[in-house]
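2 protein chains.
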Amino acid sequence: MTNVNKLEPLRTVLFESEMFEVVSIEWSKTIISEMHSHGWSQCHVLVQSGVFENYLDLGLKTETAIFETGQVISTPVGSQHELRCVSDFGKTLHIYMPRRNQSVGRKNFRPQMPSPLLENLNLGEASTFEQTQKILQLVKNESITTDSVFFMNQLFSGILPQAILAQDIISKTRTTLATLEASPVFSAIEQHVVQSLGQLIGWADCEGVNVPGGSAANFMALHCARQQKCPDFKRTGFDHRKFKIYVSSEAHYSMKKACMVLGFGTDSLVQIAAHENGKINSASLEIQIIEDLKNNFEPLFVCATSGTTVHGAFDSISELSVICNKYDIWLHIDAAWGGPAMFSEQLKEKMKGVHFAKSLTFDAHKLFGANLTCSFFVTSQKNILIEANDVSGADYLFHDKDMDRGKMSWQCGRGADAVVFWTIWKNVGTQGLSDFVSRLLKVRDESVAWIKKQDRLDLIVEPEYLNICVRIKPHSPETLNWSMIAREKLIDDQFAMVNYSKDKNGPFLRLILAHPNLEFKHVKEILSEALSVIGPA
Amino acid sequence: MTNVNKLEPLRTVLFESEMFEVVSIEWSKTIISEMHSHGWSQCHVLVQSGVFENYLDLGLKTETAIFETGQVISTPVGSQHELRCVSDFGKTLHIYMPRRNQSVGRKNFRPQMPSPLLENLNLGEASTFEQTQKILQLVKNESITTDSVFFMNQLFSGILPQAILAQDIISKTRTTLATLEASPVFSAIEQHVVQSLGQLIGWADCEGVNVPGGSAANFMALHCARQQKCPDFKRTGFDHRKFKIYVSSEAHYSMKKACMVLGFGTDSLVQIAAHENGKINSASLEIQIIEDLKNNFEPLFVCATSGTTVHGAFDSISELSVICNKYDIWLHIDAAWGGPAMFSEQLKEKMKGVHFAKSLTFDAHKLFGANLTCSFFVTSQKNILIEANDVSGADYLFHDKDMDRGKMSWQCGRGADAVVFWTIWKNVGTQGLSDFVSRLLKVRDESVAWIKKQDRLDLIVEPEYLNICVRIKPHSPETLNWSMIAREKLIDDQFAMVNYSKDKNGPFLRLILAHPNLEFKHVKEILSEALSVIGPA
Chain A
15 MTNVNKLEPL RTVLFESEMF EVVSIEWSKT IISEMHSHGW SQCHVLVQSG VFENYLDLGL
75 KTETAIFETG QVISTPVGSQ HELRCVSDFG KTLHIYMPRR NQSVGRKNFR PQMPSPLLEN
135 LNLGEASTFE QTQKILQLVK NESITTDSVF FMNQLFSGIL PQAILAQDII SKTRTTLATL
195 EASPVFSAIE QHVVQSLGQL IGWADCEGVN VPGGSAANFM ALHCARQQKC PDFKRTGFDH
255 RKFKIYVSSE AHYSMKKACM VLGFGTDSLV QIAAHENGKI NSASLEIQII EDLKNNFEPL
315 FVCATSGTTV HGAFDSISEL SVICNKYDIW LHIDAAWGGP AMFSEQLKEK MKGVHFAKSL
375 TFDAHKLFGA NLTCSFFVTS QKNILIEAND VSGADYLFHD KDMDRGKMSW QCGRGADAVV
435 FWTIWKNVGT QGLSDFVSRL LKVRDESVAW IKKQDRLDLI VEPEYLNICV RIKPHSPETL
495 NWSMIAREKL IDDQFAMVNY SKDKNGPFLR LILAHPNLEF KHVKEILSEA LSVIGPA
Chain B
15 MTNVNKLEPL RTVLFESEMF EVVSIEWSKT IISEMHSHGW SQCHVLVQSG VFENYLDLGL
75 KTETAIFETG QVISTPVGSQ HELRCVSDFG KTLHIYMPRR NQSVGRKNFR PQMPSPLLEN
135 LNLGEASTFE QTQKILQLVK NESITTDSVF FMNQLFSGIL PQAILAQDII SKTRTTLATL
195 EASPVFSAIE QHVVQSLGQL IGWADCEGVN VPGGSAANFM ALHCARQQKC PDFKRTGFDH
255 RKFKIYVSSE AHYSMKKACM VLGFGTDSLV QIAAHENGKI NSASLEIQII EDLKNNFEPL
315 FVCATSGTTV HGAFDSISEL SVICNKYDIW LHIDAAWGGP AMFSEQLKEK MKGVHFAKSL
375 TFDAHKLFGA NLTCSFFVTS QKNILIEAND VSGADYLFHD KDMDRGKMSW QCGRGADAVV
435 FWTIWKNVGT QGLSDFVSRL LKVRDESVAW IKKQDRLDLI VEPEYLNICV RIKPHSPETL
495 NWSMIAREKL IDDQFAMVNY SKDKNGPFLR LILAHPNLEF KHVKEILSEA LSVIGPA
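If you read the sequences in order, they're chains A and B.
Just so we're aligned, residue 15 is where the first sequence starts under the numbering used here, counting upward by one.
Just so we're aligned, residue 15 is where the second sequence starts under the numbering used here, counting upward by one.
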């Protein structure tokens with residue numbers, strides 16, 4: 015729909031305050047509201063007469079529906095909508111709470127410092143609730159606008175109405191997932207999301223648990239692998255045996271942390287050199303394993319990455335699974351970022367053989383827009399979670415021995431994070447998640463085609479996923495840092511927030527395509543601006 | 015304020031739908047609204063004429079304020095209020111969004127099974143946003159009502175408007191605490207809460223970080239202690255050295271999990287028998303340490319509990335600190351539940367010597383009503399968090415080397431949990447948190463006095479804190495289980511949810527006093543009902 019007419023002349027404000035606003039609007043068939051949200055205010059529209067078509071943009075999907083006299087059109091927090099009168103005349107009553115404002119499209123990628131807010135963080139004296147609300151509004155305004163399409167810095171972007179709705183329920187039910195008794199519904203939801211992920215992977219049966227972040231999921235994988243190989247260690251701790259854990263040199267740093275925290279030591283971690291495209295060199299891995307076996311190390315664990323942080327590369331799971339099978343090694347897939355490939359017809363080939371793995375990390379807070387953090391550890395190895403994590407000594411808490419999900423975790427009290435991803439998935443459907451990936455792949459393809467035509471830009475690698483790595487071509491040793499300089503300027507100018515990384519040729523920009531409303535034009539705008547802030551070649 | 019007159023006759027509903035409701039009310043000086051909330055709907059009242067006094071119950075505190083013509087009275091989600099006209103006449107316009115309902119006071123401690131909801135959890139097909147909202151409403155209704163004063167099952171109860179407000183901001187700003195760049199304000203807030211806790215403890219300087227739950231905080235403590243004692247282990251992992259970790263037999267089971275996960279093995283954990291009152295026997299601890307040293311173990315870590323889960327007992331920190339000092343052992347305080355004692359004039363003696371400890375666990379989601387989870391690990395040992403947790407290999411992420419808080423954690427992406435506790439503390443003030451503890455202690459004292467007068471009830475131990483352990487006296491071996499039977503009946507009848515534990519004489523009830531609106535009458539009602547469901551002695 016396109017804009018036909020502005021609505022302002024027909025608006026009558028009935029009541030008005032900072033906290034709410036009631037507006038009556040008279041419509042005719044020629045009038046369409048522009049696509050708009052109301053900042054973060056709730057909005058409800060009562061159709062007093064006439065028939066209206068409402069186009070609702072819910073981030074990962076859109077809905078169009080017809081509303082007649084007496085019905086209410088609700089625009090959930092975080093969404094946008096466009097309203098059109100399809101009868102000759104119509105009348106609507108609009109309520110905004112708080113008053114609608116124009117925060118949408120606002121960009122804040124580098125707050126001005128020193129901020130007066132930072133001087134007001136002190137705790138001690140009480141304040142009124144109104145003062146507290148005001149300071150939180152300031153907190154919001156001075157925070158990075160990760161809801162902007164120009165926020166491409168992290169492996170997440172955008173804020174979904176489904177996630178806000180789900181988190182609202184979590185706030186209002188405040189309970190712990192540790193026991194079935196305290197969270198019967200949430201326990202069932204967590205279990206259901208885990209089973210659904212297991213089905214997608216292709217496991218006949220599986221277990222899993224929400225964990226606080228992808229790093230925690232990777233830890234859990236190594237922890238379970240150790241439990242399976244050395245059941246006694248739970249009781250005795252490490253003995254003289256020395257293990258080796260393998261990842262690619264492009265893997266997430268959390269495996270290194272896992273080796274450190276779990277007591278293996280970072281020396282146990284072997285980083286196998288990746289190919290230039292970011293994928294692990296499977297042949298090198300096998301050579302290394304043979305070498306380690308000769309030196310009396312025990313190869314315990316291989317972590318394949320599906321979607322590396324920098325290049326978005328996918329290790330070949332099929333190749334790795336053959337090796338792991340041969341040497342009896344636990345194969346884990348870190349699909350924190352790339353997991354959504356399993357939902358996509360176009361990408362699922364990249365994770366071929368995933369069902370051969372024993373466990374997988376999936377972050378719903380990355381591409382799929384859940385709250386931070388909403389991570390899952392799932393495993394095909396029945397009972398390993400309880401074997402690895404359950405201890406005696408909590409009989410005061412765990413009365414339903416077979417059902418309490420706390421026994422599968424090393425955490426005790428846990429929030430109901432799973433509800434957020436469940437809500438998103440429930441609302442959008444499996445097909446909707448797949449379509450979302452496809453839409454972004456299309457943006458990627460258009461962007462890559464355009465980049466290749468630019469003399470001053472170098473595509474670092476043909477992207478497999480939703481990471482675009484691109485360098486502003488330096489023309490002398492002094493301009494090697496151009497990509498980094500441009501990145502800082504884009505942020506300083508509140509234009510866009512993209513990240514950078516480095517390879518042997520110096521820094522390059524990394525753009526993450528994750529925002530539901532992202533279009534090719536945004537990528538083009540950002541890269542054009544990056545070139546322009548650098549100045550002529 | 016007491017109820018003078020009902021308002022119904024003067025209410026005029028102007029607009030009405032499931033999603034919102036606009037009501038006009040005419041007042042005179044004799045009219046007071048009853049104390050009420052609006053379920054979970056937002057409510058704003060515009061004063062059209064007259065002068066009103068609004069009494070607002072915000073859980074941990076109340077506010078009274080005068081509103082005049084043109085001003086708006088807002089009742090935040092999760093609060094209750096009472097409105098009174100102080101002028102001769104007045105007129106107000108009320109907006110509820112969604113429509114107000116009577117969910118307050120609802121109790122659901124055992125959902126009816128099988129629930130139709132559980133058959134509708136399946137993921138696959140998309141649903142409309144309206145359907146999604148409806149199913150989430152069902153999720154809410156079938157969840158345990160932890161906001162009820164009769165929910166005394168867990169170490170938390172009640173839902174605060176401050177927490178809901180703060181979580182709303184977290185939802186709408188969705189970012190990670192890992193880097194300063196992505197969360198400049200939240201990083202400052204986390205740092206500020208940590209410093210404020212450190213001041214309360216009495217440390218000249220401190221460091222700390224939000225962790226996902228009290229168990230995770232205890233893990234971090236042991237992890238830091240290992241790092242300080244064996245800096246090489248980070249790289250090499252465990253060698254032949256064998257350590258001992260000490261807790262009381264009444265300590266939380268998370269220390270056992272920590273020994274297991276971190277690779278020490280649960281055999282490393284020594285549980286020192288507690289006195290009957292639940293406090294650790296310090297003399298036994300020292301004897302055990304001497305014995306372990308003789309056997310070539312290295313005593314590494316003592317975890318003192320401030321507020322045990324069952325009895326609410328406080329270990330003597332002063333005694334333990336002398337021992338730890340003597341044998342060069344890291345002293346950690348698990349104050350997940352009892353930490354609020356530090357805020358209370360009446361209780362702070364219980365944690366005397368806390369500043370001698372090297373680290374402390376504090377859960378703001380327990381007594382102080384933050385979201386699950388909102389836990390802090392704080393330590394007096396500067397730099398130990400970075401030494402223990404930082405690894406190379408994340409240069410793509412950590413650009414602000416000195417400030418990125420992710421380097422102090424083994425997590426990568428982390429939610430801004432600290433904002434919830436900061437908001438509560440900011441709104442209520444240090445004095446308000448102290449007053450809250452005092453109010454509950456008064457409820458406890460009245461309850462204990464009453465219990466002691468009941469022939470059929472046995473107080474298990476004189477409570478130090480907000481746990482009341484009480485047994486329904488059995489009169490034969492067959493009735494040993496009376497406390498447990500009563501507990502199940504209270505739940506089945508949707509009357510109350512209390513927990514139970516066991517000692518050598520059998521099961522007993524554990525009532526946790528944590529709800530902001532809890533009064534002695536509620537405790538009396540629950541215990542009277544418990545006796546009545548058992549029947550005559």
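Yeah, the Cβ is synthetic: ideal placement off N, Cα and C, and Gly gets one too.
Remember, predicted model here, so these are calculated numbers, not experimental data.
Original post:
What residue range is occupied by the uninterrupted alpha helix (DSSP H) comprising serine 373/A?
Top reply: For the purposes of this step, residue 373/A is taken as residue 359 along the first sequence, with counting starting at 1. Serine 373/A -> not in any alpha helix (DSSP H); beta strand (DSSP E) instead, spanning 373-377.
Original post:
Interface residues of chain B around glycine 251/A at Cβ under 9 angstroms?
Top reply: Stepping through the first sequence from its first residue, residue 251/A is reached at position 237. Here the neighbours are Phe252, Lys256, Phe257, Cys273, Met274, Leu276, Gly277, Phe278, Gly279, Thr280, Asp281, Ser282.
**OP:** Could you check if alanine 463/B is buried or exposed, using at least 16 other CB atoms within 10 Å of its CB as the buried criterion?
**Re:** Here the question's residue 463/B lines up with position 449 in the second sequence. Exposed.
Original post:
Using a C-beta to C-beta distance shorter than 7 angstroms, which residues of chain A count as neighbours of leucine 135/B?
Top reply: Position 121 of the second sequence holds residue 135/B. Contact of leucine 135/B with chain A by beta-carbon distance below 7 angstroms involves Ala202, Ile203, His206.
Subject >> Distance CB(isoleucine 178/A)-CB(serine 185/B) smaller than 8 angstroms >> reply: Taking the first sequence and counting its residues from 1, the one referred to as residue 178/A is at position 164. Taking the second sequence and counting its residues from 1, the one referred to as residue 185/B is at position 171. Judged by beta-carbon spacing, serine 185/B lies within the 8 angstroms limit of isoleucine 178/A, meaning their Cβ atoms are closer than that value.
Original post:
What's the C-alpha gap between asparagine 310/A and threonine 493/A?
Top reply: Translated into the one-based positions of the first sequence, residue 310/A becomes position 296. Translated into the one-based positions of the first sequence, residue 493/A becomes position 479. Using only the alpha carbons, I get a separation of about 49 angstroms.
**OP:** Say whether chain A places a C-beta atom closer than 8 angstroms to the C-beta of phenylalanine 370/B.
**Re:** To locate residue 370/B, count along the second sequence from 1; it is residue 356. It does not; no Cβ of chain A falls within 8 angstroms.
Subject >> DSSP-derived helix/strand/coil call for asparagine 441/A >> reply: Reading the first sequence from its first residue, position 427 is the one you call residue 441/A. Helix.
Subject >> Every unbroken alpha helix (DSSP H) inside the region 126-177 of chain B [4 residues or more] >> reply: 143-156
**OP:** Might you give, ordered along the chain, the residues of its own chain that have their beta carbon closer than 6 angstroms to the beta carbon of phenylalanine 534/A, omitting 5 neighbours on each side?
**Re:** One-based indexing of the first sequence puts residue 534/A at position 520. Once the five neighbours on either side are set aside, the close Cβ partners of phenylalanine 534/A are Val457, Glu460, Ser461.
Original post:
Does any CB atom of chain B fall closer than 8 angstroms to the CB of glutamate 32/A?
Top reply: Numbered from its first residue, the first sequence carries residue 32/A at position 18. At least one chain B Cβ lies under 8 angstroms of glutamate 32/A.
Original post:
Would you report the Cα separation of leucine 523/B and aspartate 418/A, rounded to the nearest angstrom?
Top reply: Locating residue 523/B in the second sequence gives position 509, counting from the first residue. Locating residue 418/A in the first sequence gives position 404, counting from the first residue. Taking the straight line from one Cα to the other gives about 20 angstroms.
Subject >> Alpha carbon of asparagine 513/B to alpha carbon of threonine 159/B, nearest angstrom >> reply: Residue mapping note: residue 513/B aligns to position 499 of the second sequence, counting from 1. Residue mapping note: residue 159/B aligns to position 145 of the second sequence, counting from 1. Distance between the alpha carbons of asparagine 513/B and threonine 159/B: 15 angstroms.
**OP:** Could you check what DSSP says for glutamine 213/B in three-state terms: helix, strand or coil?
**Re:** As a first step, residue 213/B is located in the second sequence; it is residue number 199 there, counting from the start. Three-state result, glutamine 213/B: helix.
Subject >> Cβ of alanine 180/A within 8 angstroms of any chain B Cβ >> reply: Locating residue 180/A in the first sequence gives position 166, where the first residue counts as 1. Cβ-Cβ to chain B under 8 angstroms: yes for alanine 180/A.
Original post:
Should glutamine 94/B be labelled buried (16 or more other beta-carbon atoms within 10 Å of its own) or exposed?
Top reply: The residue labelled residue 94/B in the question sits at position 80 within the second sequence. Buried, because 16 or more other Cβ atoms sit within 10 Å of the Cβ of glutamine 94/B.
**OP:** Give the range of the alpha helix (DSSP H) segment to which threonine 250/A is assigned.
**Re:** Within the first sequence, the letter at position 236 stands for residue 250/A. Residues 247-250.
Original post:
Apart from the five residues just before and just after lysine 293/A, which ones in its own chain have a Cβ nearer than 6 angstroms to its Cβ?
Top reply: Here the question's residue 293/A lines up with position 279 in the first sequence. Same-chain partners within the cutoff: Ala327, Asp329.
Original post:
Applying a beta-carbon distance threshold of less than 9 angstroms, which residues of chain A neighbour tryptophan 424/B?
Top reply: Here residue 424/B refers to the residue found at position 410 when the second sequence is read from its first residue. The answer, in chain order, is Ser229, Ala230, Phe233, Ser268, Lys271, Ala272, Met274, Val275.
Subject >> Under 8 angstroms between C-beta atoms of leucine 74/B and leucine 174/B >> reply: For the purposes of this step, residue 74/B is taken as the residue at position 60 of the second sequence. For the purposes of this step, residue 174/B is taken as the residue at position 160 of the second sequence. Yes; because the gap between Cβ atoms is below 8 angstroms, this pair is in contact.
**OP:** Could you give the DSSP three-state label for tryptophan 54/B: helix, strand or coil?
**Re:** The residue given as residue 54/B occupies position 40 in the second sequence. DSSP places tryptophan 54/B in strand when its eight states are reduced to three.
Subject >> Span separating the alpha-carbon of arginine 453/A from that of threonine 26/B >> reply: Within the first sequence, residue 453/A is the residue found at index 439, counting from 1. Within the second sequence, residue 26/B is the residue found at index 12, counting from 1. Cα-Cα distance, rounded: 50 angstroms.
**OP:** Decide if glutamate 82/A is buried, meaning its Cβ has at least 16 other Cβ atoms within 10 Å, or exposed.
**Re:** Reading the first sequence from its first residue, position 68 is the one you call residue 82/A. Its Cβ having fewer than 16 others within 10 Å, glutamate 82/A is exposed.
Original post:
Is DSSP giving arginine 124/A helix, strand or coil here?
Top reply: What you label residue 124/A is simply residue 110 of the first sequence in a count that begins at 1. Three-state DSSP puts arginine 124/A in coil, outside helix and strand.
Original post:
Roughly how many angstroms lie between the CA atoms of leucine 152/B and leucine 131/B, to the nearest whole one?
Top reply: Here residue 152/B is taken as the residue at index 138 of the second sequence, counted from 1. Here residue 131/B is taken as the residue at index 117 of the second sequence, counted from 1. In a straight line, the C-alpha of leucine 152/B is about 7 angstroms away from that of leucine 131/B.
Original post:
Among Thr193/A, Ile45/A, Phe103/A, Ser51/A, which has the Cα closest to the Cα of serine 423/A?
Top reply: The count along the first sequence starts at 1 and reaches residue 423/A at position 409. Answer by Cα proximity: Thr193/A.
Original post:
What does leucine 97/A pair with, by DSSP beta-bridge criteria?
Top reply: Here the question's residue 97/A lines up with position 83 in the first sequence. Bridge partners of leucine 97/A: Asn68/A.
Original post:
Below 8 angstroms between beta carbons: does that hold for serine 101/A and valine 59/A?
Top reply: As a first step, residue 101/A is located in the first sequence; it is residue number 87 there, counting from the start. As a first step, residue 59/A is located in the first sequence; it is residue number 45 there, counting from the start. Not closer than 8 angstroms, so no.
Original post:
For the candidate residues Ile149/A, Gly321/A, Met269/A, whose alpha-carbon lies nearest to that of serine 133/A?
Top reply: On the first sequence, position 119 is the one that residue 133/A refers to. Note that residue 133/A is glutamate in the sequence shown, not serine. Ranking the options by Cα distance to glutamate 133/A, first place goes to Ile149/A.
Subject >> Assumed close pair proline 354/A, valine 451/A - CB separation to whole angstroms, cut-off 8 angstroms >> reply: Counting from 1 along the first sequence, the entry for residue 354/A is found at position 340. Counting from 1 along the first sequence, the entry for residue 451/A is found at position 437. With a beta-carbon spacing of about 5 angstroms, proline 354/A and valine 451/A fall inside the 8 angstroms limit used to define contacts.
Original post:
Just the Cα atoms here: how many angstroms apart are threonine 146/A and valine 434/B?
Top reply: Position 132 of the first sequence holds residue 146/A. Position 420 of the second sequence holds residue 434/B. If you take the alpha carbons of threonine 146/A and valine 434/B, they lie about 12 angstroms apart.
**OP:** Measuring alpha carbon to alpha carbon, tell me which of Leu545/B, Leu525/B, Ala551/B ends up nearest valine 163/B.
**Re:** On the second sequence, position 149 is the one that residue 163/B refers to. Looking at the Cα atoms, Leu525/B is the closest of the given residues.
**OP:** Report yes or no: is there a C-beta of chain A within less than 8 angstroms of the C-beta of asparagine 167/B?
**Re:** As a position in the second sequence, residue 167/B is number 153, starting the count at 1. Yes, asparagine 167/B counts as interfacial toward chain A.
Original post:
Which word fits asparagine 68/A, buried or exposed, when buried means at least 16 other C-beta atoms lie within 10 angstroms of its C-beta?
Top reply: Along the first sequence, read from residue 1 onward, the residue named residue 68/A stands at position 54. With 16 or more Cβ atoms within 10 Å of its Cβ, asparagine 68/A is classed as buried.
Subject >> Cα-Cα separation, serine 63/B to valine 86/B >> reply: Taking the first residue of the second sequence as position 1, residue 63/B is located at position 49. Taking the first residue of the second sequence as position 1, residue 86/B is located at position 72. Serine 63/B and valine 86/B: Cα-Cα distance of roughly 11 angstroms.
**OP:** Quick one: grab the DSSP three-state call for tryptophan 344/B.
**Re:** Translated into the one-based positions of the second sequence, residue 344/B becomes position 330. The answer is strand: DSSP assigns tryptophan 344/B an E or B state.
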